[in-house]
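Structure, as structure tokens:
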């Protein structure tokens with residue numbers, strides 16, 4: 020993807036680069052999109068596995084929902100930034116953002132809302148809260164990874180924390196157009 024962009028890649032290119040026969044490629048994947056989807060899912064599953072231990076510590080200490088746990092996610096994204104920039108950047112697959120959002124939605128629902136939301140969030144609203152939070156995370160992550168101006172991890176985490184705890188800050192002057 021970094022060399023020629025996702026649209027230009029064919030299954031035969033992938034098989035040749037992996038030094039496997041095309042029939043071997045098709046034994047494991049339907050096509051390059053299937054490979055991409057499975058690879059992205061595995062990558063995000065790996066990121067979320069690395070988040071679970073600290074989240075378990077939060078639960079044991081009685082902290083049900085803290086903005087800081089997304090700081091951990093942004094730290095892990097930062098650690099995978101080279102890969103994520105290639106697969107989700109200008110030459111990457113446009114489906115990346117959808118896959119990331121769906122994985123983050125599922126994570127929020129399974130790890131944060133279902134275990135802790137009893138009496139706080141109505142069950143039929145859990146998906147809406149997950150969508151709202153994951154939209155912020157996905158938007159920040161894709162802007163952060165795709166920007167020519169590399170924002171610091173601290174800046175991205177600060178914007179996230181402010182957005183979910185205080186909303187968008189008021190401005191004393193008009194924003195530039």
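In this note's numbering, the protein residues as written are 20 to 196.
Glycine is no exception: its CB is placed at the ideal position from the N, C-alpha and C atoms.
Given the structure is predicted, the values throughout are model-derived calculations rather than measurements.
Same chain, Cβ closer than 7 Å to residue i, five either side skipped, listed in chain order
| i | result |
| --- | --- |
| residue 157 | 116, 119, 120 and 123 |
| residue 176 | 90 and 93 |
| residue 201 | There is no way to answer for residue 201, as the model of the chain reaches only from 20 to 196. |
Contact set for residue i: own chain, Cβ-Cβ below 8 Å, skip 5 residues either direction
| i | result |
| --- | --- |
| residue 40 | 34 |
| residue 57 | 48 |
| residue 37 | 44 |
Boundaries (first-last residue) of the alpha helix (DSSP H) holding residue i
| i | result |
| --- | --- |
| residue 45 | 41 to 47 |
| residue 148 | 145 to 165 |
| residue 100 | 100 to 107 |
| residue 37 | 30 to 37 |
| residue 119 | 115 to 126 |
| residue 179 | 172 to 184 |
Check whether residue i and residue j have beta carbons under 9 Å apart
| i | j | result |
| --- | --- | --- |
| residue 63 | residue 159 | no |
| residue 111 | residue 105 | yes |
| residue 95 | residue 70 | yes |
| residue 45 | residue 30 | yes |
| residue 149 | residue 125 | yes |
| residue 165 | residue 109 | yes |
| residue 67 | residue 146 | no |
Buried or exposed by the 16-neighbour rule on C-beta atoms within 10 Å, applied to residue i
| i | result |
| --- | --- |
| residue 127 | buried |
| residue 107 | buried |
| residue 154 | exposed |
Residue i CB to nearest heavy atom of the ligand FMN below 8 Å
| i | result |
| --- | --- |
| residue 62 | Only the bare structure without any ligand can be found here, which leaves the ligand FMN out of the picture. |
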